[in-house]
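Per our numbering, numbering through the sequence shown is continuous, rising by one, with the last residue being 578. Yeah, the Cβ is synthetic: ideal placement off N, Cα and C, and Gly gets one too.
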Amino acid sequence: MNSGKLPRSFDCIVVGAGLAGIYMLYRLRGLGFSARVLEAAGGIGGTWYWNRYPGARCDVDNMFYSYSFDEALDQEWDWSERYPSQPEILRYINHVADRHDLWPDIQLETRVAVAVYDEAEARWLVKTEEGEQFSARFLIMATGCLSAANLPEIPGLGDFKGRLFHTGEWPHEEIDFTGRRVGVVGTGSSGVQVIQEAAKAAGHLTVFQRTASYVVEAFNRTLTDEDRTYFKANHHELREAAKKTFGGFTTIANDQSALAVTEEHCREKLEEAWQAGGITLLTSFNDFVSNEEANQRAQEFVRDKIRATVRDPETREKLLPRHVIGCKRLCLGTNYYGTFNRDNVTLVQLGEKGVEKITADGLIANNSEFKLDDLVLATGFDAMTGALGKIDIEGRDGQTLREAWAAGPRTYLGLMSHGFPNLFTITGPGSPSVLSNMLPTIEHHVDWIAGCLSDIRKRGAAIIEAEMEAQDKWVAHGNEVASRTLRYTCSSWYLGANIPGKPRVFMPYIGGMPAYRKTCEAVVAKGYEGFDLK
Ligand code: FAD
Ligand code: NAP
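Structure representation (structure tokens):
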């Protein structure tokens with residue numbers, strides 16, 4: 045601790061030690077910048093440190109949800125499953141930090157509370173919750189898109205006498221549900237994963253659902269030596285091919301309208317994609333997320349899967365999602381719908397009021413009390429802006445980021461925001477981020493920022509800031525592209541609709557990774573067009 049002393053000075057402060065912060069540190073070191081990573085958690089890994097709930101795993105084919113920057117690592121690391129579990133991914137991230145000896149520059153259990161830009165010195169002054177101070181030329185936010193847990197304001201939350209969990213802040217010790225009365229609120233991706241697992245152990249599991257989700261079958265499996273050998277031999281080609289796709293996934297990409305073919309053919313293609321497993325079902329035609337009629341074909345396909353699986357007619361009816369498929373993020377499951385055929389699982393459809401009250405012994409919904417030993421809140425995150433919003437960030441002329449983003453986040457390329465010089469956001473709002481396989485997307489942003497810092501140094505400049513005009517154009521473009529899709533038709537976290545009072549703005553950039561990469565490259569080629577360098 046250096047409270048009361050002069051701030052410790054670095055070229056760069058990176059906030060967050062998830063996949064983004066770790067790679068950013070690696071790049072900064074390589075360029076000879078002094079850097080310190082400040083991380084609130086007791087370990088590195090971000091998402092994979094916090095989300096330790098049973099069943100937590102990634103939903104992108106493992107080999108593509110891994111760093112590409114370290115050629116030898118790609119060859120040496122052996123993934124065990126198609127969709128590796130949280131412990132395996134966390135082990136991988138720790139292995140990367142060991143391998144590159146990153147630990148000396150990472151400071152854990154350090155939550156950044158305040159960041160103020162000193163215009164005279166062109167430096168950021170950073171203060172932690174513990175009162176420690178740092179000064180840096182560049183401040184790089186690697187705080188994550190899905191890192192601020194959403195604890196809904198349900199009356200009586202503090203009264204519950206049983207064990208209360210949020211999936212995004214799961215305890216480190218093993219949680220045993222054996223024989224217990226477990227309640228899960230929320231049926232998004234986290235809820236789906238925890239429900240499947242908890243049902244196997246619980247005495248009784250009650251699922252409290254507000255909106256039924258579309259859950260696509262994962263077809264997870266143990267990888268064979270042959271799978272791994274294939275990837276290792278072809279990883280360049282495979283990664284390059286993935287980069288050319290909209291979201292950086294390997295996908296069955298088909299640039300054809302679902303309405304250009306017969307309903308039967310459309311179903312065959314959907315079945316093919318379903319059997320291949322994974323969340324790329326909707327790329328089997330090019331207009332599922334832009335044309336309502338096409339979308340209905342995909343909706344009905346998944347509803348039929350549910351109808352064919354769930355035995356109890358009442359439960360089946362409740363599980364049928366009715367909103368536009370792909371409007372909320374698709375979930376990946378393993379026999380999720382089949383879980384509701386178990387005798388020890390009950391589905392409660394919440395009304396408008398949601399969970400009315402939490403009591404000492406359980407919760408009240410639909411005017412009935414449900415007695416519970418354990419309550420799991422799988423209620424998601426204040427996404428994209430939540431973690432940044434918790435920090436008092438003050439830019440030029442005393443303007444705060446909260447004020448600048450009061451009507452929704454405003455960035456240029458999701459990388460910088462006007463009025464906040466030398467402040468970068470990795471996978472910030474306005475970039476493809478959560479609409480893509482996030483690891484290549486993170487690497488792309490980190491590489492762009494690293495290249496930019498290196499160029500700034502070469503030019504002898506000290507300051508870079510997004511120009512207002514370029515930012516306004518980028519925001520308008522992002523809104524325009526999003527308006528061409530069906531993404532505004534439901535209350536998703538992409539729109540901020542899961543957080544009461546949050547402005548409804550479609551936050552990620554939906555123009556696709558290839559177009560976005562090109563734009564970023566063109567900006568650099570034109571001498572950082574739209575950025576002011578001093
Ligand atoms: P994070 O991993 O969120 O790390 C951010 C870090 O910043 C955290 O450790 C946090 O503690 C720290 N931090 C935040 N604020 C502060 C502060 N004020 N001071 C200090 N530290 C701070 N994406 C995919 O592409 N595929 C998947 O399969 C996938 N699965 C997911 C599963 C779950 C359960 C969740 C929640 C998300 C998933 N994601 C997935 C998205 C995932 O968040 C990203 O893939 C990726 O892990 C993000 O890395 P990051 O470093 O940007 O952010
Ligand atoms: P989420 O998608 O936002 O789901 C939250 C769930 O909680 C929704 O079902 C929501 O219902 C419900 N909910 C929220 N507040 C509620 C309340 N007050 N009362 C009742 N229900 C309430 O959050 P998530 O499941 O944590 O997933 C967030 C994102 O993280 C995902 O979309 C994905 O990007 C990522 N993720 C990925 C994986 C993976 O498989 N790799 C796993 C977990 C998370 P409504 O829909 O009605 O709002």
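DSSP bridge partner residues for residue i (one or two, in chain order)
| i | result |
| --- | --- |
| Q393 | Q253 |
| K171 | V158 and Q177 |
| T222 | A246 |
| D436 | V158 |
| D418 | R207 and V226 |
| L151 | A small correction: the amino acid at residue 151 is Gln; Leu does not occupy that position in the sequence shown. Looking at the DSSP assignment, Q151 forms a beta bridge with L82. |
| M185 | V59 and T469 |
| I408 | K401 and E413 |
| A193 | F425 |
| S527 | For S527, which the question treats as bridged, DSSP gives no partner whatsoever. |
| E125 | T266 |
| R341 | DSSP output for R341 lists no bridge partner at all. |
Own chain, CB closer than 8 angstroms to residue i, minus 5 neighbours either side, in chain order
| i | result |
| --- | --- |
| A262 | D103, R126, Y127, G321, G322, L376, G377 and T378 |
| Y456 | H462, G474, A510, E511, A514, Q515, W518, G574 and F575 |
| R207 | I219, D417, D418 and L419 |
| T529 | V333, S334 and I554 |
| G147 | For the sequence presented, residue 147 should be read as Trp rather than Gly. These residues qualify, in order along the chain: A141. |
| E213 | W94 and A193 |
Own chain, CB closer than 6 angstroms to residue i, minus 5 neighbours either side, in chain order
| i | result |
| --- | --- |
| G86 | L152 and E153 |
| A506 | A166 |
| Q119 | K276 |
| D499 | none |
| L82 | V59, Q151, T154 and V156 |
| E438 | V160 and T444 |
| K313 | S328 |
| A245 | F221 and T222 |
| F464 | G439 |
Cβ-based burial, residue i [other Cβ within 10 Å; buried from 16]
| i | result |
| --- | --- |
| G424 | buried |
| S47 | Unreliable placement is indicated for S47, whose pLDDT of 46 sits below 50; no coordinate value is reported for it. |
| I554 | buried |
| A50 | Note on residue identity: the sequence assigns Leu, not Ala, to residue 50. Its Cβ having fewer than 16 others within 10 Å, L50 is exposed. |
| H488 | buried |
| K502 | exposed |
| V205 | The sequence given here places Lys at residue 205; Val does not occur at that position. Exposed. |
| A243 | buried |
| M45 | In this prediction, M45 has a pLDDT of 39, which is less than 50 and means its spatial position is unreliable; what the coordinates show is noted afterwards. The residue in question, M45, is exposed, as its Cβ has fewer than 16 Cβ neighbours within 10 Å. |
| K578 | exposed |
| T306 | exposed |
| A427 | buried |
| S536 | buried |
| Q237 | buried |
| A164 | exposed |
| N542 | buried |
| N466 | buried |
| H280 | exposed |
| P215 | exposed |
| S234 | buried |
Sequence-distant residues of its chain with Cβ nearer than 7 angstroms to residue i (five each side left out)
| i | result |
| --- | --- |
| A431 | T187, G188, S191 and A192 |
| F384 | V354, T359, L363 and L391 |
| I581 | Absent from the model: residue 581. The displayed extent of the chain is 45 to 578, so no value can be given. |
| Q130 | W92, N95, R96, A100 and R101 |
| K171 | A157, V158 and Q177 |
| G291 | L479, S480, N481 and M557 |
| E337 | L303 |
| Q240 | G99, G377, T378, N379, Y380 and T383 |
Any chain B beta carbon closer than 8 angstroms to residue i
| i | result |
| --- | --- |
| T533 | Among the protein chains of the structure shown there is no chain B, as only one such chain exists. |
Problem set entry | At least 3 beta-carbon pairs within less than 8 angstroms: the segment 178-198 vs the segment 366-375 | no
For this session: Say whether the segment 338-351 touches the segment 279-290, bearing in mind that this needs 3 or more beta-carbon pairs closer than 8 angstroms, one atom from each stretch.
Result: no
Problem set entry | Unbroken stretches of the beta strand (DSSP E), 3 residues or longer, contained in the segment 343-401 | 375-377 and 389-393
For this session: Scan the segment 440-474 and note each continuous alpha helix (DSSP H) run of 4 residues or more that stays entirely inside, going in chain order.
Result: As far as the segment 440-474 is concerned, its whole alpha helix (DSSP H) runs of at least 4 residues are 445-448.
Exercise. Are the segment 392-403 and the segment 170-184 touching by the rule of at least three beta carbon pairs closer than 8 angstroms?
Worked result: no
Exercise. Can we say the segment 464-482 touches the segment 541-548, given the rule of at least three CB pairs closer than 8 angstroms?
Worked result: no
For this session: Mind the definition here: the segment 80-95 touches the segment 245-260 only if three or more C-beta pairs lie below 8 angstroms; say whether that holds.
Result: no
For this session: With a floor of 3 residues, list each beta strand (DSSP E) that falls wholly inside the segment 251-319, ordered by position along the chain.
Result: 259-261
For this session: Output the residue ranges of the beta strand (DSSP E) runs that lie fully inside the segment 545-577 and measure 3 residues or longer, sorted by chain position.
Result: 575-577
Exercise. Which whole runs of the beta strand (DSSP E) in the segment 469-523 are 3 residues long or more, in chain order?
Worked result: Within the segment 469-523, complete beta strand (DSSP E) segments of at least 3 residues are found at 508-510, given in chain order.
Exercise. Are three or more beta carbon pairs between the segment 399-419 and the segment 208-227 nearer than 8 angstroms?
Worked result: Touching, yes, given that three or more Cβ pairs across the two stretches are closer than 8 angstroms.
For this session: Determine, using beta-carbon pairs with one atom in the segment 554-565 and one in the segment 519-526, whether at least three such pairs fall under 8 angstroms.
Result: Verdict: yes, contact present.
Problem set entry | alpha helix (DSSP H) segments (min. 4 residues) lying fully within the segment 70-123 | Qualifying alpha helix (DSSP H) stretches, in chain order: 91-94 and 115-120.
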